[in-house]
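What follows is a set of notes on a single structure, which appears directly below.
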Amino acid sequence: MITTANLEKYRNGDFLQFVNNVLELLPQTTADQLNIGSQRTILQTAAQSFNNAYLPYTGSDITPEIQALDAQRDNAVIGIKMILEAWQYHFDPETKNNAFALLDILNRFGERIYKLRYQLETATINSIVAEWEEKHSDKISQLQLADWVNELKTSNQNFNNKYIARTVQLSEVETGVLATARTASTEAYRTLKQHIEAHALLTPNAEYDQLMAKLSSLVNQYNLAVTKYSSTEESGGEDQKPESSETPS
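Residue numbers (this note's numbering): 1 to 249.
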């Protein structure tokens, strides 16, 4: 018997790669010899349809806008922090104290806010700006930081709007054409699996045993990867922003 694949738990990219790996382990000529050629052909056709549906899912036209807005708000965070750090050494006591107060709030949320995953950074910036505006508007005014704070607030809100728009866009793809194509691929794989197991039972053959062993090994690798998803998601997962060499370390 072939190990059961936890297909429902596979991410779309992993699911597509898994199906492609199955097809690679079972060339069409071998499938024909084992009397499972038609089942392989159906799986290959379904996999191609899924691949065609998956491509626009991975390449949203909103993604470049999100990345640009993220860089814009990162620059605002970094700029404000550098100004406040410089003014800690200001000769005027009021300016120095106000800079200390605002910087203390900023640092309370972490030293590298611009490295946080997308939506955690959004929430963090919202909290910082809210506290500054509600309790320290006088300090912002005295330090002439109103334009900087407004830039941070606006770019963060614009980022969030685009992020939500992309989420809606991708969800429509994922629950529509992509979901249908994935279901077809899942059914095609399971049908192929059932035929392999049936032939191996009714007409014992070393080739069936070898094929089932290869597929079971493949399934075990992918099932193991699924167990690591949760830890990856806790550290950011697919919401993690791309690395940049332009931000301070």
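Even glycine gets a Cβ: it sits at the ideal position worked out from N, Cα and C.
Might you give, ordered along the chain, the residues of its own chain that have their beta carbon closer than 8 Å to the beta carbon of R254, omitting 5 neighbours on each side? There is no way to answer for residue 254, as the model of the chain reaches only from 1 to 249.
When we look at the beta-carbon of A68 and count the other beta-carbons within 10 Å, is it buried (16 or more) or exposed? Here residue 68 is taken as the residue at index 68 of the sequence shown, counted from 1. Its Cβ having fewer than 16 others within 10 Å, A68 is exposed.
Within this structure, are the beta carbons of A99 and Q88 separated by less than 9 Å? Here residue 99 is taken as the residue at index 99 of the sequence shown, counted from 1. Here residue 88 is taken as the residue at index 88 of the sequence shown, counted from 1. Contact: yes.
E24 classed as buried or exposed, judged by whether at least 16 other C-beta atoms fall within 10 angstroms: Translated into positions along the sequence shown, residue 24 becomes position 24. Exposed: under 16 other Cβ atoms inside 10 Å.
Cβ-Cβ distance between H199 and I36 below 9 Å: On the sequence shown, position 199 is the one that residue 199 refers to. On the sequence shown, position 36 is the one that residue 36 refers to. Yes, these two residues count as a Cβ contact at 9 Å.
Own chain partners of F4 with C-beta closer than 8 Å, once the 5 adjacent residues on each side are dropped: In the sequence shown, the residue the question calls residue 4 occupies position 4. Checking the sequence, you will find Thr at residue 4 rather than Phe. So the qualifying residues of the chain are V219.
Contiguous alpha helix (DSSP H) assignments of at least 4 residues, all confined to the stretch 198-229: 206-227
Cα-Cα separation, I80 to I140: One-based indexing of the sequence shown puts residue 80 at position 80. One-based indexing of the sequence shown puts residue 140 at position 140. Each residue's alpha carbon lies about 11 Å from the other.
Would you call N205 buried or exposed, if buried means 16 or more other Cβ atoms sit within 10 Å of its Cβ? Residue mapping note: residue 205 aligns to position 205 of the sequence shown, counting from 1. Within 10 angstroms of the beta-carbon of N205 lie fewer than 16 other beta-carbons, which makes it exposed.
So, is K193 buried or exposed, given that buried needs 16 or more other C-beta atoms within 10 angstroms? Within the sequence shown, residue 193 is the residue found at index 193, counting from 1. It is buried - the Cβ of K193 has at least 16 other Cβ atoms within 10 Å.
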